[in-house]
Amino acid sequence: MMLSNIFAKVVPLLKEKKFDIDYDALAKFLERYKPGDWLYPDAMHRNLKMNIKTVYEILELCVEMKSLEQYLQIYCPHCQKYTGQYYKTIAEIPDEINCLHCDYEILNPLNHAIIIYKVL
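Spelled out as structure tokens, the structure:
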């Protein structure tokens, strides 16, 4: 089985920390991601039936190993879709954002931000 770059780089750390996870399922999931792809923690949680805290711990290890980069994305509280804009830091998020899908004016967009990861 060919392991993705993400998994190959962090597997020693994951095993060292003794996560109670299915490593084969994780490898298969991560193999789908190529550089430039966006990885959503909820997708990992949903597909692998992993505790969300464990998902974030694994993803943060990937950030430390420079396999992933953390970003923020805003979802619209009106239509429940993502606005399509990505922010590297909290300071980059404007005070107001208009949803591209329903034109709803999102006040305090930081309240509607989620952390996502970009594959490097």
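Following my numbering, the numbering of the sequence shown begins with -10 at its first residue and continues without gaps.
Each residue gets a CB set at the ideal place from its N, CA and C atoms; glycine is no exception.
All figures in this text were calculated on a predicted structure; none of them were measured in a lab.
Close beta carbons around E5, own chain, < 7 Å, minus the five adjacent residues each side
none
Under 8 Å by Cβ, that's how I've got C51 and C88 pegged, so tell me the actual separation to the nearest angstrom.
No, C51 and C88 are not in contact; Cβ-Cβ is about 30 Å, not under 8 Å.
As a quick exercise: from M39, D9, L2 and E94, pick the residue whose alpha carbon is nearest that of F114.
Since the displayed the chain opens at -10 and closes at 109, residue 114 lies outside it and no answer follows.
So what's E20 in DSSP terms, helix, strand or just coil?
The DSSP-derived three-state label of E20 is coil.
Taking the alpha carbon of I82 as the point to measure from, which residue in H90, P24, Q69 and L96 has its own alpha carbon closest?
L96
Identify every run of the alpha helix (DSSP H) within the segment 20 to 98, keeping only runs that are complete inside it and at least 4 residues long; order them along the chain.
30 to 37 and 41 to 53
How should I105 be labelled, buried or exposed, when 16 other C-beta atoms within 10 angstroms of its C-beta is the threshold for buried?
By the 16-neighbour rule on beta-carbons within 10 angstroms, I105 is buried.
Is the distance from the Cβ of L37 to the Cβ of A16 below 8 Å?
no
Reducing DSSP to helix, strand and coil, say where K107 ends up.
In this structure, DSSP gives K107 an extended state, which the three-state scheme calls strand.
Could you tell me how far apart the beta carbons of Y76 and L57 are, in whole angstroms, since I believe they sit closer than 8 Å?
Not confirmed; about 16 Å, so no contact.
Give the single residue among F8, I79 and P24 whose Cα lies nearest to the Cα of I63.
Among F8, I79 and P24, the Cα nearest to that of I63 belongs to I79.
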